[in-house]
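Participant: Got a structure for you, questions after.
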Amino acid sequence: MSTTLLAALPFYPLVSFLLLIILGKRLSWQQASWLSVGAMALSALSSGVLVYQLSQSDVHVLTVQLWSWFSLKGSTGIADVNFAFYLDALSSVMICVVTGIGFLIHLFAAIYMKNDENFSRFMAYMNLFIVAMLILVLADNLVLLYLGWEGVGLCSFLLIGFWYQEKDNVLAARKAFIVTRIGDTAMAIGLFMLFKSLGQLNIVDVTQAAQVSWQVGNNDAYWIALLLLGGAVGKSAQLPLQTWLPDAMAGPTPVSALIHAATMVTAGVYLIARMHGVFLLAPEVMQYVAWIGASTLLLAGAAALVQTDIKRVLAYSTMSQIGYMMLALGAGAWSAGVFHLMTHAFFKALLFLTAGSVILALHHQQNLFKMGGLLKKLPVESTLFIIGLICLMALPGTSGFFSKEAIIAELWSSPTAGAGLWWCAIVGALLTSIYSCRLFFLAFLGKQRFDTQLHIEKSKLLRMSLLILAALSLLGGLISLDLQAVFTDMSAPVNKVNEPYWLHTVAIITPFIGITFSWFYFARYRITSNAEIKASQSMLSQFLRSGLGFDALYQWLLIKPYCFIARLNRRDIVDQMIMLNAWYVRLWHDTLSTSQNGSLRWYAAAFGLAIVCLVGVVTL
Amino acid sequence: MLANFLSVESLFYLAGLVAVIASFKVVTGKNTVHALLYLVVSLLAVAVCFYLMGAPFAAGLEVIVYAGAILVLFVFAVMMFGLTTDETKYAPQSKGLSFWVGPIILAMTLLAELLWVIDNAQLQQQLTANVVSAKQVGMLLYGPYLLAVEIASFLLLAGLLAGYHYAKPESRGTHL
Amino acid sequence: MTEIPLEHVLFLSCILFSIGFVGVISRKNTLFMLMSLEVMLNAVGVAFIGAGSAWRQADGQVMFILILTLAAAEVAVGLALFIRMQRRYRSLDIDELNEMRG
């Protein structure tokens, strides 16, 4: 029963996708939304049932093979690559997040996008995304995982560029696609290397084979883990491939909530958690993971401090929170990282969707400096937003608190992290609380800085989806994740470091320090009577606002030289070399066709010449 | 002395010389009909050569078929063209009998040669000694070369049909 | 045994052939070209007959007869073509027929 349920899981949204894409605009709004949201509801329900059954049964793992895909001849015999799903505690968390939050966001999107003329196309892409994401998290082998990985990349591209008439959206979509492709290439090379050295592609087999055949610090393990990290960095928008995420906010807000906050960008975290068996054998790479996470956390937090676009603030915040997850993974705090993944999915989806409601109410105004005073106008949205923000800031009692504290608690004594990274995490938390407060003050407090009539959506479904998310965000911390079965077997031996007694206290009070600081520092956003406040124009702010100049750096470092080379090679030197043949043939053609002058006497003379030559050759 | 001088070899060289001169005149000639006359002389001279080389049958054929049939064909064709002179612009004007002198002299030489040979018994004997007779040729033609003869007959048939077809007046709507 | 040396026969043949060849490539009038061709064919005939008589074989004459048939067919077709050419182009200049140049 449960295997059938598992096998059918990605097929509800797939069928819905196919119907939507085939029938397209022939479907009315009701039909299209019933179809897509219904498919998602089915998926969410069945994944709930699955997870319940799994928790009740003795076995912790459920596998189902749909069909054989192909087999590869490797160094240690034939490796079968099957279309098979593998459900354990880790993928349970992921399918719950994907289908549960996916369902709520679909519900929201059905109302948010109601008036778009390509509504069914939008819902079709959303469904396709869910299909790809489910394949990614359920994949039994790395090839299938890569299929899902590329599938979500494709859907991300399609959905960022959903309003393809706008040039900015198209450019953002292209950028997201190309930048993540760099990471994907690294990951593909990593998979090839993995197959070459272990001859396995099944995830469980790979983990076991790696334990058997590699020592800690093995060179192969180092390179493979590094390349897989490359893939994760690209997908999860970490340093140095983070530049695509802020631009990806050009897509519709439900897309930002689903793909660029809750699910797809955490695929990198999932990949590392899934392949932890390999990563544990490469402690240097674990350190890289931790440092990448920490630096992204800080840089994105700093960039979020000065953004003017509400969605870009949230985008940088997402990057920063994924930095936390990476930090946790790098420190070997696997459960904490995955836990934060889940809670972050709750509250970030809530924040994005609420921001979407606000944006919708303000007639697609996203500039924070043109908002203000929304607390009174939109009390429900404001309350929901506050809930999201306190979770983000990790105030005690919220879900974010539990997960973030779990991460921070493990950093100090981790062999691959340590005190330096702990301080990074604390500073990151401080930054988080500061930019959250700034966002809240600018958007919801102060004086109204817009003069349009608010467009208030009174749909119950919309409210309901937001309320469920809010409840999850507040109470999600109480969900106990039992990931021990996945992660215990090979944890590195922890040599207990003496932790100072003040660690937890500092971690808990940090957000309050941030709030207090911002209460006074951003006072003018809060209580200004002047309707005109401007974003800071200092050099530092502008530098931070542009994402710490990474775009400019890449423009200067990579794109300019590439364009220069492309311009130099406008006439493709290889092509020219091939065209040399054509030129040579043409030369002979010209020569020979002038000899073909139509004059019979010339031909006769040529005959004679040939005979003379022939006789000359024979006789001499 | 004279007999020695007029041996078969020397007669052959003389005939060959005539053939060369006549052929030269054919090639360099301006007037088509004059050139044709020189061609006849050339062919006759070659026929004499054949005769002197001991192939009287070939010589006969040369005279009958070449100088007779083919040249007549040429003459008829030239008549059909209705050319009075060479069609090229620089054809010289006719100057009475002067154009006939050359062919006549050459032809007379050949005639004298032949008469001399026929009249001279010693030469006759020399010539008949190494003759390849018509009978031998015939045996060979209808023996080992039968296939070649058949092919040649087909060639002639094809030539006949092609000649008929091409020379037919061009009717409307049909092309080559 | 008086016999004409084969070399001399072949000299004669070559001289006649060369004369004919020069005629073919230097004359513009197609009739003259055809006549020059006849001279060339004749020269070949001389070579065959000479060789045949040198070895006392009849094959040379057989070849000559075949050449004769060839010449007859060629002249028939050639002259027919010239008649047509004369009708169409009002000229026997071979250089007029250069439509098939490359």
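From first to last, the protein sequence lines are chains A, B and C. Note that this note's numbering has the first sequence beginning at 5, numbered continuously upward. Note that this note's numbering has the second sequence beginning at -15, numbered continuously upward. Note that this note's numbering has the third sequence beginning at 74, numbered continuously upward. Glycine included, C-beta positions come from ideal geometry on N, C-alpha and C.
1. Would you please verify whether the beta carbon of C/L85 is less than 8 Å from any beta carbon of chain A?
2. Where in the stretch 175 to 228 of chain A do unbroken runs of the alpha helix (DSSP H), each at least 4 residues long, occur, reported from the N-terminal end onward?
3. A/G392 and A/F351: beta carbons closer than 8 Å?
4. Assuming A/M397 and A/L446 form a contact by the criterion Cβ under 8 Å, report the distance between their Cβ atoms to the nearest whole angstrom.
5. Within 8 Å of any Cβ in chain C, is that where the Cβ of B/G164 sits?
6. Thinking C-alpha only, which one of A/L482, A/I314, A/D455, A/Y90 is nearest A/T257?
7. By DSSP, does A/K464 sit in helix, in strand, or in coil?
8. Give the DSSP-derived three-state secondary structure of A/Y90 in the structure shown.
9. Since C/V61 meets chain B, which of its residues come closer than 8 Å, beta carbon to beta carbon?
10. Within the same chain, show all residues whose beta-carbon is closer than 7 Å to that of B/D70, passing over the 5 residues directly before and after it, in chain order.
11. Starting from A/W71, follow the beta strand (DSSP E) in both directions and report where the run begins and ends.
12. What does C/E76 touch in chain A if you count any residue whose Cβ is under 8 Å from its own?
13. Would a check of beta-carbon distances place C/A144 closer than 8 Å to chain B?
14. I think A/M127 touches A/A36, with their Cβ atoms under 8 Å apart; what is that distance to the nearest whole Å?
15. Name the two residues that bound the continuous alpha helix (DSSP H) containing A/P287.
16. Looking at the C-beta of C/R157, does it have a partner C-beta in chain A at a distance below 8 Å?
17. Within 8 Å, do at least three Cβ pairs link the stretch 286 to 300 of chain A to the stretch 422 to 434 of chain A?
18. Please compile the residues from chain C whose C-beta is within a distance smaller than 7 Å of the C-beta of B/Q120.
19. Hey, would you say A/R453 sits closer than 8 Å to A/F373, going by beta carbons?
20. Just to confirm, is the Cβ distance from A/I438 to A/G551 under 8 Å?
21. Would C/E169 count as contacting chain B if we go by Cβ distances under 8 Å?
22. How would you call A/R278, buried or exposed, if buried means at least 16 neighbouring beta carbons within 10 angstroms?
23. Please state whether the Cβ-Cβ distance between A/N86 and A/S96 is less than 8 Å.
24. Nearest to B/V25 by alpha carbon, out of B/L125, B/G0, B/A118?
25. A/T598 lies in the alpha helix (DSSP H); which residues open and close that run?
26. Write down the C-beta distance between C/L104 and B/V56 rounded to the nearest angstrom, noting that I regard them as a contact closer than 8 Å.
27. Residues of chain B with a CB under 9 Å from the CB of C/V117: which are they?
28. With a threshold of 8 Å, are at least 3 pairs of Cβ atoms found where one atom belongs to the stretch 113 to 126 of chain A and the other to the stretch 134 to 141 of chain A?
29. Using only CA atoms, which one of A/G187, A/L449, A/T358 lies nearest to A/R467?
30. Can you name, in chain order, every residue of its own chain whose Cβ lies under 7 Å from the Cβ of C/I167, other than the five neighbours on each side?
31. Does DSSP classify A/D62 as helix, strand or coil?
32. Under three-state DSSP, which class holds C/D166?
33. Measuring only between beta-carbons, confirm whether B/L140 sits less than 8 Å from chain C.
34. Report back the beta-carbon spacing between A/F199 and A/G78 to the nearest angstrom; my notes put them in contact at under 8 Å.
35. By the criterion of Cβ-Cβ separation under 8 Å, what are the contact partners of C/L154 in chain B?
Facilitator: By the coordinates alone:
1. As a first step, residue 85 of chain C is located in the third sequence; it is residue number 12 there, counting from the start. Closer than 8 Å: no.
2. Within the stretch 175 to 228 of chain A, the complete alpha helix (DSSP H) segments at least 4 residues long are 207 to 217, listed from N- to C-terminus.
3. Here residue 392 of chain A refers to the residue found at position 388 of the first sequence. Here residue 351 of chain A refers to the residue found at position 347 of the first sequence. It is a contact, given that the beta carbons lie within the stated cut-off.
4. Position 393 of the first sequence holds residue 397 of chain A. Position 442 of the first sequence holds residue 446 of chain A. With a Cβ gap of about 16 Å, A/M397 and A/L446 do not count as contacting.
5. Because residue 164 of chain B is not part of the residues shown, which for chain B are -15 to 160, the question remains open.
6. Within the first sequence, residue 257 of chain A is the residue found at index 253, counting from 1. Selected option, being the one with the closest Cα: A/I314.
7. Locating residue 464 of chain A in the first sequence gives position 460, counting from the first residue. Three-state result, A/K464: helix.
8. Here residue 90 of chain A refers to the residue found at position 86 of the first sequence. Under the three-state reduction of DSSP output, A/Y90 falls in the strand class.
9. A query on residue 61 of chain C cannot be resolved here, the shown segment of chain C reaching from 74 to 175 and no further.
10. Here residue 70 of chain B corresponds to residue number 86 of the second sequence, with the count starting at 1. Below a pLDDT of 50, predicted positions are generally treated as unreliable, and B/D70, at 49, falls in that range; the measurement from the model is reported next regardless. Contacts found: K14, N15, T16.
11. Your numbering for residue 71 of chain A matches position 67 in the first sequence. Under the DSSP assignment, A/W71 falls in the beta strand (DSSP E) whose first and last residues are 66 to 78.
12. What you label residue 76 of chain C is simply residue 3 of the third sequence in a count that begins at 1. Correct list: empty, because the minimum Cβ distance to chain A is about 26 Å.
13. Here residue 144 of chain C refers to the residue found at position 71 when the third sequence is read from its first residue. Judged by the 8 Å Cβ criterion, C/A144 is in contact with chain B.
14. Along the first sequence, one-based indexing puts residue 127 of chain A at 123. Along the first sequence, one-based indexing puts residue 36 of chain A at 32. That belief holds up - the Cβ atoms of A/M127 and A/A36 are roughly 6 Å apart, short of 8 Å.
15. To locate residue 287 of chain A, count along the first sequence from 1; it is residue 283. That run of the alpha helix (DSSP H) goes 287 to 308.
16. Locating residue 157 of chain C in the third sequence gives position 84, where the first residue counts as 1. So no, C/R157 is outside the interface.
17. Counting Cβ pairs under 8 Å, three or more are found: they touch.
18. Position 136 of the second sequence, counted from the start, is the residue given in the question as residue 120 of chain B. Residues of chain C passing the Cβ test: A131.
19. As a first step, residue 453 of chain A must be located in the first sequence, where it is residue number 449. As a first step, residue 373 of chain A must be located in the first sequence, where it is residue number 369. Yes, they are a contact pair.
20. Numbered from 1 along the first sequence, position 434 holds the residue referred to as residue 438 of chain A. Numbered from 1 along the first sequence, position 547 holds the residue referred to as residue 551 of chain A. Not closer than 8 Å, so no.
21. As a first step, residue 169 of chain C must be located in the third sequence, where it is residue number 96. For C/E169, the closest Cβ of chain B is not nearer than 8 Å.
22. Here the question's residue 278 of chain A lines up with position 274 in the first sequence. That one is buried.
23. By 1-based counting over the first sequence, the position of residue 86 of chain A is 82. By 1-based counting over the first sequence, the position of residue 96 of chain A is 92. Inclusion of A/N86 and A/S96 in the CB contact set at 8 Å is not warranted, their separation being larger than that value.
24. On the second sequence, position 41 is the one that residue 25 of chain B refers to. Of all alpha-carbon atoms in B/L125, B/G0, B/A118, the one lying nearest the alpha-carbon of B/V25 is that of B/G0.
25. The count along the first sequence starts at 1 and reaches residue 598 of chain A at position 594. Boundaries of the alpha helix (DSSP H) around A/T598: 577 to 599.
26. Taking the first residue of the third sequence as position 1, residue 104 of chain C is located at position 31. Taking the first residue of the second sequence as position 1, residue 56 of chain B is located at position 72. Not really, about 15 Å apart at Cβ, beyond 8 Å.
27. As a first step, residue 117 of chain C is located in the third sequence; it is residue number 44 there, counting from the start. Residues of chain B whose Cβ lies closer than 9 Å to the Cβ of C/V117 do not exist; the shortest such Cβ separation is about 11 Å.
28. Under the Cβ criterion (8 Å, minimum of three pairs), the stretch 113 to 126 of chain A does not count as touching the stretch 134 to 141 of chain A.
29. Counted from its first residue, the first sequence places residue 467 of chain A at position 463. When only C-alpha atoms are compared, the closest one is A/T358.
30. Along the third sequence, read from residue 1 onward, the residue named residue 167 of chain C stands at position 94. For C/I167, the CB contacts under 7 Å within the same chain, skipping 5 residues up- and downstream, are K101, T103, M106 in chain order.
31. In the first sequence, residue 62 of chain A corresponds to position 58, counting from 1. It is coil, neither helix nor strand.
32. Here residue 166 of chain C corresponds to residue number 93 of the third sequence, with the count starting at 1. Three-state result, C/D166: strand.
33. Here residue 140 of chain B corresponds to residue number 156 of the second sequence, with the count starting at 1. Cβ-Cβ to chain C under 8 Å: yes for B/L140.
34. Here the question's residue 199 of chain A lines up with position 195 in the first sequence. Here the question's residue 78 of chain A lines up with position 74 in the first sequence. Confirmed, Cβ separation roughly 6 Å.
35. Taking the first residue of the third sequence as position 1, residue 154 of chain C is located at position 81. Chain-order list of chain B residues neighbouring C/L154: Y150, by C-beta distance under 8 Å.
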